[in-house]
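For what it's worth, my numbering labels the leading residue of the sequence shown as 49, then goes sequentially.
Glycine is no exception: its CB is placed at the ideal position from the N, C-alpha and C atoms.
Keep in mind the model is a prediction, meaning the values are calculated, not measured.
The block underneath contains the structure these notes are about, expressed in structure tokens.
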Amino acid sequence: MLVSSLLGCAACGRVGYDPSDASLDAACATDEIVCGAFEGPLGGWGVRIEPDSDAIVRVVDDPERGGALAVTSEGTGHGLAVAETYFAPVTEGSLHGRVWVRIGARTHVDEFVVLVQLDDGNDAGTQKVSLDLLQGDAIGLTATTAHPAVRNGTAAGTIRRDEWMCLRFEVDLRDDGGAARLSEGDRTLVSADAIDTIPEGGFRRLMLGAVGERAGVRDVMFDDVALARHPLPCPGAPGR
């Protein structure tokens with residue numbers, strides 16, 4: 049059984065933090081499919097935690113970014129612990145995502161940990177494109193829409209612990225000539241080209257969390273998440 053909840057409205061599509069700002073309750077920008085600034089309740093995001101997991105998924109205060117989504121665990125259990133949101137299926141064109149992430153020093157990666165997942169909404173035999181934490185502080189770009197599945201990794205040391213990083217991802221939806229790319233700011237980190245990138249039924253869910261095969265300490269935070277049909281900038285990110 050999965051624990052799930054849907055909480056009240058969040059401020060979406062906003063960078064920065066000012067508790068007195070009336071725009072905290074603003075909706076997604078009209079050109080955003082999904083958004084999450086996590087300055088308040090989770091809005092249209094649901095929380096799912098498997099019974100074997102000891103993880104907690106909640107909005108917390110962060111000194112640098114104000115509100116942020118945190119996934120924390122002491123490593124006594126494993127399994128799914130995510131915030132997720134659904135949208136109308138996308139089967140053509142391109143999808144662009146942005147997510148600020150902060151990987152805590154305590155986070156242990158035994159084999160891999162799914163950090164961000166764009167998928168078909170099917171929990172059994174999921175077809176997805178995901179960003180995964182790998183050993184050596186690398187990031188994996190995984191596509192199970194491809195046959196066979198693809199996981200291409202960045203160089204070791206890409207993740208800078210206890211530091212906010214703005215990651216951008218792009219999926220060009222095609223049967224065989226599609227592509228997926230991961231960037232930090234404007235710098236491409238890794239890509240997968242000439243692959244099938246269209247799941248059966250299309251993409252319709254975005255998940256944020258720390259999903260691992262084995263128990264381990266997790267300390268992961270997310271902020272200013274967005275998904276759109278056009279490239280999304282990283283305002284305020286250091287040039288890299």
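Counting along the chain, where does the beta strand (DSSP E) carrying residue i start and finish?
| i | result |
| --- | --- |
| Ala129 | Ala129 to Val138 |
| Val153 | Before going further, note that residue 153 is Ala rather than Val in the sequence given. From DSSP, Ala153 is part of no beta strand (DSSP E); its letter is neither H nor E. |
| Leu189 | Ala186 to Ala191 |
| Phe251 | Phe251 to Gly260 |
| Trp212 | Trp212 to Leu221 |
| Arg229 | Gly226 to Glu232 |
| Cys83 | Glu80 to Gly84 |
| Leu275 | Arg266 to Ala276 |
| Gln183 | Gln183 -> no beta strand (DSSP E), and no H or E assigned at all. |
| Ser101 | Careful: Ser101 lies outside any beta strand (DSSP E) and carries neither H nor E. |
| Thr236 | Arg235 to Ile243 |
Could you give the distance in angstroms between the alpha-carbon of residue i and the alpha-carbon of residue j?
| i | j | result |
| --- | --- | --- |
| Thr245 | Pro196 | 12 Å |
| Phe217 | Cys83 | 14 Å |
| Ala77 | Gly145 | 14 Å |
| Gly173 | Thr190 | 14 Å |
| Asp110 | Val273 | 15 Å |
| Phe86 | Gly115 | 5 Å |
| Glu232 | Val147 | 10 Å |
| Ala153 | Ala204 | 15 Å |
| Glu140 | Ala228 | 14 Å |
| Gly127 | Arg266 | 12 Å |
| Asp234 | Asp171 | 32 Å |
| Asp271 | Thr133 | 15 Å |
| Leu215 | Gly92 | 22 Å |
| Leu254 | Gly169 | 8 Å |
| Arg213 | Thr202 | Rather than Arg, the amino acid found at residue 213 in this sequence is Met. When rounded, the distance between both Cα atoms is 15 Å. |
| Cys282 | Glu112 | 15 Å |
| Gly225 | Gln183 | 30 Å |
| Ile207 | Ala129 | 21 Å |
| Gly284 | Ser178 | 24 Å |
| Ala74 | Leu117 | Reliability fails at Ala74, whose pLDDT of 49 lies under 50, so the model's placement of it is uncertain and no value is given. |
Near residue i, what residues of its chain come up, given a Cβ to Cβ distance below 6 Å and the 5 sequence neighbours on each side ignored?
| i | result |
| --- | --- |
| Leu143 | Val219 |
| Leu230 | Leu189, Phe217, Leu237 and Val238 |
| Leu280 | His144, Arg146 and Ala274 |
| Thr192 | Gln175 and Lys176 |
| Asp241 | Ala227 |
Which same chain residues end up closer than 7 Å to residue i when comparing Cβ atoms and leaving out the 5 residues on each side of it in sequence?
| i | result |
| --- | --- |
| Glu211 | Arg150 |
| Phe135 | Ile81, Val82 and Arg252 |
| Asp223 | Asp244 and Ile246 |
Report back the beta-carbon spacing between residue i and residue j to the nearest angstrom; my notes put them in contact at under 8 Å.
| i | j | result |
| --- | --- | --- |
| Asp180 | Phe251 | The pair is not a contact, with the Cβ atoms about 17 Å apart (cut-off 8 Å). |
| Gln175 | Glu248 | 6 Å |
| Ile104 | Thr120 | 5 Å |
| Asp158 | Gly260 | 7 Å |
| Ala131 | Val95 | 5 Å |
| Ile243 | Ala194 | 4 Å |
| Glu122 | Asp100 | Contact doesn't hold; Cβ gap of about 13 Å is too wide. |
Under 8 Å Cβ to Cβ from residue i, same chain only, skipping five residues before and after it: list those, please.
| i | result |
| --- | --- |
| Asp79 | Ala276, Arg277 and His278 |
| Thr155 | Val161, Leu181, Arg209, Ala258, Gly264, Val265, Arg266, Asp267 and Val268 |
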